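Residue numbers (the working numbering), protein chains in the order written: chain C, 307 to 371; chain U, 295 to 703. Note that the Cβ used here is the ideal one computed from N, Cα and C, for glycine as well. Predicted model, so just to flag it, every value in this text is computed and none were measured. Working notes, structure below.
Right under this line is the structure:
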């Protein structure tokens with residue numbers, strides 16, 4: 307997100323060449339799409355790490371909510 | 295029986311207390327509770343043990359000296375006098391001084407450990423790791439049952455659906471609690487999956503929360519490579535853990551809020567970022583287009599012949615100037631030549647000789663003669679006429695006496 311913010315402010319300044327602008331714009335758009343994808347994962351994951359016979363085991367944790 | 299007023303009764307009893315030497319200067323041990331500090335500077339609290347409780351007041355003049363330490367749950371030895379507050383008929387201790395009850399005192403141990411670790415620099419702000427803006431995985435060390443983990447999950451679900459939480463169940467009270475939390479920290483750090491760790495426990499007494507004042511736990515938190523948020527007890531509870539952690543949350547719910555951003559905020563931010571980028575690029579393109587257009591309409595590009603037309607004119611101009619200047623020079627020269635030729639013609643000695651003049655040369659000296667002085671008697675002379683020469687000898691010379699020219703050979 308910080309990288310994205312940097313790109314936005316660079317573009318807004320407008321002192322880049324056209325080639326640079328297009329390049330950085332493409333990068334910014336990719337980043338924004340990547341972030342959107344990441345945050346739109348609707349499924350939350352809640353797991354619990356426990357030890358059994360000296361080995362760590364990851365199980366789904368069901369909290370009674 | 296004599297009837298008396300309430301005032302009389304209360305004052306009588308107060309006087310009884312005041313006359314008792316034992317009560318005029320006593321030290322009482324107990325635990326402070328319901329402490330209230332007033333604007334005036336006076337402190338009111340109850341001193342209690344397992345069974346009984348007594349009201350206490352510490353006036354400002356005394357409170358500034360030793361009252362600063364006073365805190366709920368603190369075990370103290372309070373020194374002062376016991377009497378009756380006649381207005382309310384309330385029995386209370388008027389305290390001059392309080393001292394921490396040294397033996398096994400949790401508070402003193404807490405203060406000592408805090409001072410020690412602080413001196414070591416364990417709590418330095420420079421050592422605090424930054425809590426990530428958006429953790430991929432959140433590690434939680436807490437009890438798997440009870441309200442705490444539920445509160446955390448609730449807040450995370452509300453703020454950022456799509457979160458990833460990994461819980462390591464730990465003991466949060468009593469023997470072995472600190473050890474189990476230290477172990478959880480190690481597991482999280484070994485697995486390197488979580489970007490942030492929350493250590494959480496609900497409210498409780500100072501004794502209940504005591505495991506969070508463990509020195510080894512504080513050190514384990516300090517060396518954790520993953521940033522740690524501590525959320526122990528209520529807002530008013532402070533533990534060593536809180537000081538060692540990278541961020542202290544007042545409650546477990548607050549810890550969850552601090553661990554993830556609000557997803558709506560991010561969505562909005564992403565949206566506005568995209569908009570801004572589009573706008574910036576469009577503006578850049580428009581600007582570039584305009585610049586290109588300006589270049590294209592400029593006269594040089596649209597009418598390139600301008601360049602050579604100008605040059606051509608210049609060249610022909612130069613050529614003309616060179617030609618005319620050479621011509622002028624030639625004419626000058628020709629005129630001068632004609633003039634010279636004319637002059638030369640008129641001076642041609644042959645022409646003069648034809649008209650009857652002669653050129654006389656002295657053969658002895660070899661010189662052309664202009665005067666009689668150029669010839670001596672006997673000198674041989676050559677007289678050059680237009681059709682030939684006469685060779686003769688000088689007999690004599692005569693100097694002209696008149697204006698008339700006379701020649702003799």
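Residue-level contact to chain A via CB, residue i, 8 Å cutoff
{"i": "residue 479(U)", "result": "Among the protein chains of the structure shown, namely C and U, there is no chain A."}
8 Å Cβ cutoff, residue i in contact with chain C
{"i": "residue 397(U)", "result": "Summary for residue 397(U): the model assigns pLDDT 49, below 50, so the residue's position carries little reliability, and this model does not support an answer."}
{"i": "residue 460(U)", "result": "yes"}
{"i": "residue 575(U)", "result": "yes"}
{"i": "residue 578(U)", "result": "yes"}
{"i": "residue 582(U)", "result": "yes"}
{"i": "residue 463(U)", "result": "yes"}
{"i": "residue 521(U)", "result": "no"}
{"i": "residue 567(U)", "result": "yes"}
{"i": "residue 438(U)", "result": "yes"}
{"i": "residue 354(U)", "result": "no"}
Buried versus exposed, by CB contacts within 10 Å (16 or more), residue i
{"i": "residue 397(U)", "result": "With a pLDDT of 49 at residue 397(U), under the threshold of 50, the modelled position of this residue cannot be trusted; read the value that follows with caution. It is exposed - the Cβ of residue 397(U) has fewer than 16 other Cβ atoms within 10 Å."}
{"i": "residue 419(U)", "result": "exposed"}
{"i": "residue 430(U)", "result": "exposed"}
{"i": "residue 521(U)", "result": "buried"}
{"i": "residue 367(C)", "result": "buried"}
{"i": "residue 340(U)", "result": "buried"}
{"i": "residue 518(U)", "result": "buried"}
{"i": "residue 550(U)", "result": "buried"}
{"i": "residue 257(U)", "result": "Absent from the structure is residue 257(U), since the part of chain U shown begins at 295 and ends at 703."}
{"i": "residue 457(U)", "result": "buried"}
{"i": "residue 428(C)", "result": "Not covered by the structure: residue 428(C). The range shown for chain C is 307 to 371."}
{"i": "residue 354(C)", "result": "buried"}
{"i": "residue 536(U)", "result": "buried"}
{"i": "residue 341(C)", "result": "buried"}
{"i": "residue 346(U)", "result": "exposed"}
{"i": "residue 631(U)", "result": "exposed"}
{"i": "residue 707(U)", "result": "Beyond the ends of chain U as shown, which are 295 and 703, falls residue 707(U); an answer cannot be given."}
{"i": "residue 330(C)", "result": "buried"}
{"i": "residue 482(U)", "result": "buried"}
{"i": "residue 383(U)", "result": "exposed"}
Residue i: contacting residues in chain C (beta-carbon distance under 9 Å)
{"i": "residue 456(U)", "result": "344, 345, 346, 347, 348, 349, 350, 351"}
{"i": "residue 428(U)", "result": "307, 341, 344, 345"}
{"i": "residue 561(U)", "result": "342, 345, 346"}
{"i": "residue 546(U)", "result": "Those do not exist, as residue 546(U) stays about 13 Å from chain C at its closest Cβ, beyond 9 Å."}
CB contact below 8 Å: residue i versus chain U
{"i": "residue 317(C)", "result": "yes"}
{"i": "residue 367(C)", "result": "yes"}
{"i": "residue 309(C)", "result": "no"}
{"i": "residue 324(C)", "result": "yes"}
Cross-chain neighbours of residue i in chain C, by beta carbon under 7 Å
{"i": "residue 564(U)", "result": "338, 341, 342"}
{"i": "residue 408(U)", "result": "Here the premise fails: no neighbours, minimum Cβ distance about 31 Å."}
{"i": "residue 557(U)", "result": "345"}
Chain-ordered chain U contacts of residue i [CB-CB under 8 Å]
{"i": "residue 360(C)", "result": "Those within 8 Å of residue 360(C) in chain U number zero; the least Cβ separation is about 13 Å."}
Within chain C, the residues that residue i reaches when beta carbons sit closer than 8 Å
{"i": "residue 571(U)", "result": "313, 314, 317, 331, 334, 335, 338"}
{"i": "residue 424(U)", "result": "Those within 8 Å of residue 424(U) in chain C number zero; the least Cβ separation is about 11 Å."}
{"i": "residue 495(U)", "result": "Correct list: empty, because the minimum Cβ distance to chain C is about 16 Å."}
Contact test: residue i Cβ vs the ligand ATP heavy atom, cutoff 7 Å
{"i": "residue 324(U)", "result": "Among the components modelled here there is no ligand, and therefore nothing to report on the ligand ATP."}
| field | Runs of beta strand (DSSP E) lying entirely within the region 494 to 555 of chain U, each at least 3 residues, in chain order | value | 522 to 526
| query | Hey, which unbroken runs of the alpha helix (DSSP H) at 4 residues or more fall wholly within the region 638 to 693 of chain U? | reply | 643 to 648
| request: For the region 340 to 401 of chain U, list the alpha helix (DSSP H) runs that are entirely contained and at least 4 residues long, ordered along the chain. | output: 354 to 360
| Along the chain, which unbroken stretches of the alpha helix (DSSP H) at least 4 residues long are found entirely within the region 455 to 497 of chain U? | 471 to 485
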